[in-house]
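Residue numbers (this note's numbering): 1 to 83. For every residue, glycine included, the Cβ atom is placed at its ideal position computed from N, Cα and C. These numbers come from a predicted model, not from an experiment.
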């Protein structure tokens with residue numbers, strides 16, 4: 001993470017996942033809930049990954065849908081603790 005003005009800047013990337021798997025350094029939106037996105041009807045739609053449910057959820061056409069394959073937003077900055 002780098003200092004930028006009064007805040008911090010992070011390097012974020014979308015990391016593929018499936019079946020409830022949470023990649024390393026996933027961005028947590030709540031307890032065991034992570035920021036994700038999934039493809040549906042040729043669109044990429046933001047949603048939430050609930051690890052304990054083994055799938056990701058997103059809203060489309062007024063309904064909540066579940067997907068087994070998704071991408072999770074992760075902090076992918078170089079971390080010297082991982083070396």
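- The three-state reading of DSSP puts residue 66 in strand, counting E and B together.
- Judged by beta-carbon spacing, residue 70 lies within the 8 angstroms limit of residue 37, meaning their Cβ atoms are closer than that value.
- Taking one beta carbon from each stretch, the stretch 58-65 and the stretch 7-21 have fewer than 3 pairs nearer than 8 angstroms; the two do not touch.
- Here residue 40 is bridged, per DSSP, to 43.
- Boundaries of the beta strand (DSSP E) around residue 30: 28-30.
- Following the DSSP letters along the chain, one finds residue 23 in no beta strand (DSSP E), marked with neither H nor E.
- The beta-bridge partner set that DSSP reports for residue 75 consists of 12.
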